[in-house]
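To start, the structure itself, in structure tokens.
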Ligand code: SF4
């Protein structure tokens, strides 16, 4: 901990530099992503145009071949035949250039994500804030009564895949517990949306602040993400992974239904998730075996609801609705955890 004014000033200066760096990385990522999107759309348009030329060229070639087959002499100066081929060539070259630009822009995004993937220096983040200040900025941690540790919950109304599943009878989200009872109290909703705002406004800054808050408050060695809510976007997923990298002494359990985001993250970054982060993909339907989100470099565990054939069943209900000594949800050695329907 710093003791002198000089040390505190140094800490503040370095915090400021980090914030400026984080801001410019975020702006860079936003610009690059717009550029990549626009190049990809241009490439698509040119590809469509090239396909038309290719079709035209093919039909000319076919008619020339038919003429040759029929013994009709073909004039060597047949410009109608040569023109579409040269236009096709031009278009293919233009597409290659656009694809190249799109790749350059995407590489810029990857660089930003990979930079944000680096863990923090523990000597700089521990000294910055008081717990109260952190809670004012990003909301407080939750303390589910069943769990041995803290959690962090977001509004279930903001679940992207959950919003679709809620419309389907028999899905695990159709009777979502986080859209009932105390979750709907005004003060609870306000707290949930405050956390969501902090995550969405600046995921990189949020990851720094939540790292500090968890480090200060969580002494059990375990942490549960999202007792309600789910991953919001790729930046949020990157931030969750970064928090695990920052705090290797804590095991994180991340239940999710957002398998597309997991796959995209692995594709985009070529990184693997932190060793101490157990991503447990939840089944979509009650009584069913959870699907396997197969993808190279993506390893997850799974959970189900009411799937009797599962090899492991949550024992909480038979032990006073408490985890007790069980830590199965955090363990990568337990491939499926089955829960009773709420
Ligand atoms: S499986 Fe174990 S760790 Fe997971 S919720 Fe049930 S009791 Fe808790």
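In our numbering, the protein residues as written are 296 to 637.
We put the CB at the ideal spot given by N, CA and C, even for glycine.
Go through the stretch 566-632 residue by residue and report every complete run of the beta strand (DSSP E) that reaches 3 residues or more, in order. 572-577 and 596-600, all fully within the stretch 566-632.
Alpha-carbon to alpha-carbon, residue 624 and residue 602: The C-alpha of residue 602 lies about 16 Å from the C-alpha of residue 624.
Just jot down, in chain order, the residues whose CB lies closer than 6 Å to any heavy atom of the ligand SF4. Cβ-based neighbours of the ligand SF4 within the cut-off: 609, 610, 611, 618, 621, 622, 623, 624 and 632.
Nearest-angstrom Cα separation, counted from residue 333 out to residue 522: Straight across, the Cα-Cα distance linking residue 522 with residue 333 is about 38 Å.
Please classify residue 447 as buried or exposed, where buried requires at least 16 other C-beta atoms within 10 Å of its C-beta. Buried is the call here.
DSSP three-state assignment for residue 549, whether helix, strand or coil: Here DSSP, grouped into helix, strand and coil, assigns residue 549 to strand.
Whole-angstrom distance between residue 485 and residue 610, CA atom to CA atom: For residue 610 and residue 485, the gap between their C-alpha atoms comes out near 33 Å.
Is the stretch 511-519 touching the stretch 435-454, taking contact as three or more C-beta pairs under 8 Å? Enough Cβ pairs lie closer than 8 Å, so yes.
Determine the contact status of residue 450 and residue 487, defining contact as a CB-CB distance below 9 Å. Cβ distance < 9 Å, so residue 450 and residue 487 count as in contact.
Mind reading off the beta-carbon distance from residue 598 to residue 578? Whole number of angstroms is fine, and I expect it under 8 Å. Their Cβ separation, rounded to whole angstroms, is 7 Å, which keeps residue 598 and residue 578 in contact under 8 Å.
Can you give the Cα-Cα distance for residue 607 and residue 435, rounded to whole angstroms? Separation of residue 607 and residue 435 (C-alpha to C-alpha, rounded to the nearest whole angstrom) is 32 Å.
Spatial neighbours of residue 560 within its chain, please: C-beta separation below 6 Å, excluding the five flanking residues on both sides. Residues of the same chain with a CB within less than 6 Å of the CB of residue 560, apart from the 5 flanking positions on each side, are 529 and 532 in chain order.
For my contact list, residue 537 and residue 593 are in at a C-beta cut-off of 8 Å; report their separation, rounded to the angstrom. Contact check for residue 537 and residue 593: beta-carbon distance about 18 Å, past the 8 Å limit, so the pair fails to qualify.
Roughly how far, in whole angstroms, is the beta-carbon of residue 545 from the beta-carbon of residue 500, given that I think they are within contact range, below 8 Å? Contact check for residue 545 and residue 500: beta-carbon distance about 20 Å, past the 8 Å limit, so the pair fails to qualify.
For the beta strand (DSSP E) containing residue 517, list its first residue and its last residue. Counted as a single uninterrupted DSSP element, the beta strand (DSSP E) harbouring residue 517 occupies residues 517-520.
Here's the rule: buried if 16 or more other CB atoms are within 10 angstroms of the residue's CB, otherwise exposed. What is residue 428? Looking at its Cβ environment, which holds fewer than 16 other Cβ atoms inside 10 Å, residue 428 is exposed.
Under 8 Å from any heavy atom of the ligand SAM, does the C-beta of residue 438 make it? What this structure holds is the ligand SF4, not the ligand SAM.
Distance cutoff 9 Å, beta carbons only. Does residue 603 sit that close to anything in chain D? Going by chain labels, chain D is absent from the structure shown, which holds only one protein chain.
Between 581, 583, 556 and 562, which has its C-alpha nearest residue 574's C-alpha? Nearest of 581, 583, 556 and 562 to residue 574, Cα basis: 556.
Selected residue, minimal CA-CA separation from residue 645, among 614, 431 and 346: Because residue 645 is not part of the residues shown, which for the chain are 296 to 637, the question remains open.
Backbone CA spacing between residue 361 and residue 354 [nearest angstrom]: Roughly 10 Å separates the two Cα atoms.
Just the Cα atoms here: how many angstroms apart are residue 424 and residue 491? Using only the alpha carbons, I get a separation of about 20 Å.
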